[in-house]
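A.B. asks:
Protein chains in written order, with my numbering: chain A, 1 to 293; chain Z, 1001 to 1168.
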């Protein structure tokens, strides 16, 4: 099914028209975890459009460098760093390197994440640890690293977390990510409370589906066409509108905004009808359309 | 940048200097007629009273201002937008639901879920519905409302957003 032509589908301004001036983050450095591709790259680009210097941290230096090249194309100063957000020493040295090359970090985008559909009973210990610890430990370690540095310097800053729209509903067929993303969101509220006295703000965007090259479920079957029709807004999200909202929460324009989780999903998580397709347990849709085997 | 709301007509119902300023700064044309692109309803905050001390007339007045009139205004706005085949934006602004008395709690609780409901019910009419529940009355409120009113928030609907830590 496609979206009927008489439905009104709203679209954001194009990528080259960001919602804030090019000097919004002038003199500031942002560190974006997992910023080499997808949603992280979208955030990195959005901060760059606001004039930030951008450090991209990723487990794969090749991917981080690919992303950095795209950010550099906007004219921004950018530096790619290899590191694993689950390792405290990697996190500390990534901040050291970012600050040495680009200057003091005052903005952080916690985006690093891993996710793939899998039945709960088939989640190996390794898979569980990977997905949960990248989001939970990674967000905690990176946020605390930034906080310690800012507090020591007596400066404020802002953190934005890439949460997901399924943090409130659960996500059958994605148990590891459901747990991980909600932990990250509740942490958002708690850390905001703890660091408000230090002028460090913490917010999150609960994102819906924003297809990109490395989406885990966007590129199969008939492409994203069936997904467009499924979403109340009549389309999937554009990565740059996500990046803009994430960066917006860190702007002086929204100084005072903290502890908030803003849902941006085109109404996807709120969809509910008296008549809905029959419920199919994840176990029985593994081999069906949009299955993963 | 010529402003997030350049070319848009906005009707602001209720009192908020900060929202008014932000809308103007972002290039909106403020109007006082039903025919507009964006409808913003600011719910007045009632005096905080203990539940058992609220008389029924007072109770009804708060529910009328905080829920009934918001729904009816949104319904009429959506109908007129649908008639001309244009999308639109509705934003409700109120103090947090637990901030005042039981009357306000009931009204704004209802308004919050109405936000989620209408955001989806009218999604394919291109009508977005969001609300801001906050104690904040300053420039951040203005900026946030202006953002929600703009096309930059094209993928934000059914959201209930706060600003500060006490906003819940």
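We put the CB at the ideal spot given by N, CA and C, even for glycine.
From the DSSP output, in three-state form, read off residue 248(A) for me.
C.D. replies: helix
A.B. asks: DSSP on residue 362(A), reduced to helix/strand/coil?
C.D. replies: Since the first and last residues shown for chain A are 1 and 293, residue 362(A) lies out of range.
A.B. asks: Hey, would you say residue 164(A) sits closer than 7 Å to residue 3(A), going by beta carbons?
C.D. replies: no
A.B. asks: Indicate whether residue 1101(Z) and residue 1126(Z) have their beta-carbon atoms separated by less than 7 Å.
C.D. replies: no
A.B. asks: In this structure, how does DSSP classify residue 148(A) when only helix, strand and coil are distinguished?
C.D. replies: helix
A.B. asks: Taking residue 1032(Z) as the reference, which of 1078(Z), 1043(Z), 1013(Z), 1017(Z) has the closest Cα?
C.D. replies: Distances from the CA of residue 1032(Z) to each of 1078(Z), 1043(Z), 1013(Z), 1017(Z) were compared; the closest alpha carbon is that of 1013(Z).
A.B. asks: Measure from the alpha carbon of residue 1004(Z) to the alpha carbon of each residue in 19(A), 8(A), 5(A), then state which is nearest.
C.D. replies: 19(A)
A.B. asks: For a test of the three-state rule: what should DSSP assign to residue 174(A), helix, strand or coil?
C.D. replies: strand
A.B. asks: Can you tell me whether residue 6(A) is buried or exposed? The criterion is at least 16 other CB atoms within 10 Å of its CB, across all chains shown.
C.D. replies: exposed
A.B. asks: Roughly how many angstroms lie between the CA atoms of residue 106(A) and residue 202(A), to the nearest whole one?
C.D. replies: 12 Å
A.B. asks: Just mark residue 219(A) as buried or exposed, buried being the case when its beta carbon has 16 or more other beta carbons within 10 Å.
C.D. replies: Any reading at residue 219(A) needs caution, since the residue's pLDDT is 46, under 50, leaving its predicted position unreliable; the model's value is listed next. Looking at its Cβ environment, which holds fewer than 16 other Cβ atoms inside 10 Å, residue 219(A) is exposed.
A.B. asks: Taking the alpha-carbon positions, what's the residue 124(A) to residue 209(A) distance?
C.D. replies: Approximately 26 Å, taken between the alpha carbons.
A.B. asks: CA-CA distance, residue 191(A) and residue 1094(Z)?
C.D. replies: 25 Å
A.B. asks: Between residue 218(A) and chain Z, is the shortest Cβ-Cβ distance under 7 Å, so that the two count as touching?
C.D. replies: At residue 218(A), the pLDDT of 43 sits below 50, so the modelled position is not reliable; the number obtained from the coordinates is stated separately. It does not: the Cβ of residue 218(A) has no partner Cβ on chain Z nearer than 7 Å.
A.B. asks: When DSSP labels each residue in this structure, what does residue 264(A) get in the three-state scheme?
C.D. replies: It is a strand residue.
A.B. asks: With 7 Å as the threshold, decide whether the Cβ of residue 1019(Z) is near any Cβ in chain A.
C.D. replies: no
A.B. asks: List, in chain order, every chain Z residue whose beta-carbon is nearer than 9 Å to that of residue 276(A).
C.D. replies: Ordered by position in chain Z, no residue passes the 9 Å Cβ test against residue 276(A), which lies about 13 Å from the chain.
A.B. asks: Kindly list, in the order they appear in chain Z, the residues whose Cβ is closer than 8 Å to that of residue 263(A).
C.D. replies: 1156, 1158, 1159
A.B. asks: Could you check what DSSP says for residue 1037(Z) in three-state terms: helix, strand or coil?
C.D. replies: coil
A.B. asks: Taking the alpha helix (DSSP H) that residue 1113(Z) belongs to, which residues open and close that run?
C.D. replies: 1102 to 1121
A.B. asks: Rounded to a whole number of angstroms, what is the C-alpha to C-alpha distance between residue 1047(Z) and residue 1015(Z)?
C.D. replies: 16 Å
A.B. asks: I need the DSSP call for residue 57(A), collapsed to helix, strand or coil.
C.D. replies: If DSSP states are grouped into helix, strand and coil, residue 57(A) belongs with the strands.
A.B. asks: Any beta carbon from chain Z within less than 7 Å of residue 13(A)'s own beta carbon?
C.D. replies: yes
A.B. asks: Using the beta-carbon of each residue, which ones in chain A are nearer than 7 Å to residue 1125(Z)?
C.D. replies: 8
A.B. asks: Using the three-state DSSP reduction, which class does residue 9(A) fall into: helix, strand or coil?
C.D. replies: Correct three-state label for residue 9(A): coil.
A.B. asks: Please tell me whether residue 266(A) has its Cβ less than 7 Å away from any Cβ of chain Z.
C.D. replies: yes
A.B. asks: Nearest to residue 206(A) by alpha carbon, out of 95(A), 160(A), 85(A), 143(A)?
C.D. replies: 160(A)
A.B. asks: Considering only the beta carbon of each residue, do residue 1074(Z) and residue 1090(Z) sit closer than 7 Å?
C.D. replies: yes
A.B. asks: Name, in chain order, the residues that DSSP records as bridge partners for residue 1088(Z).
C.D. replies: 1127(Z)
A.B. asks: Closer than 8 Å is the cut-off here; do at least three beta carbon pairs connect the segment 1132 to 1146 of chain Z with the segment 237 to 245 of chain A?
C.D. replies: In short, these stretches do not touch, since the Cβ pair count stays below three.
A.B. asks: Closer than 7 Å by C-beta to residue 1162(Z): which residues in its own chain qualify, once you throw out the five before and the five after it? Chain order, please.
C.D. replies: 1096, 1133, 1134, 1168
A.B. asks: Can you tell which of 1118(Z), 1104(Z), 1041(Z), 1156(Z) has its C-alpha closest to the C-alpha of residue 273(A)?
C.D. replies: Its Cα nearest to that of residue 273(A), the residue 1118(Z) stands out among 1118(Z), 1104(Z), 1041(Z), 1156(Z).
A.B. asks: Could you tell me the alpha carbon to alpha carbon distance between residue 68(A) and residue 35(A), rounded to whole angstroms?
C.D. replies: For residue 68(A) and residue 35(A), the gap between their C-alpha atoms comes out near 8 Å.
A.B. asks: Does chain D have any CB closer than 7 Å to the CB of residue 1120(Z)?
C.D. replies: Absent from the structure: chain D. Protein chains present are A and Z.
A.B. asks: Taking 7 Å as the threshold (C-beta atoms), are residue 141(A) and residue 71(A) in contact?
C.D. replies: no
A.B. asks: Report the CB separation of residue 263(A) from residue 1159(Z) in whole angstroms; it is logged as a contact under 8 Å.
C.D. replies: 5 Å
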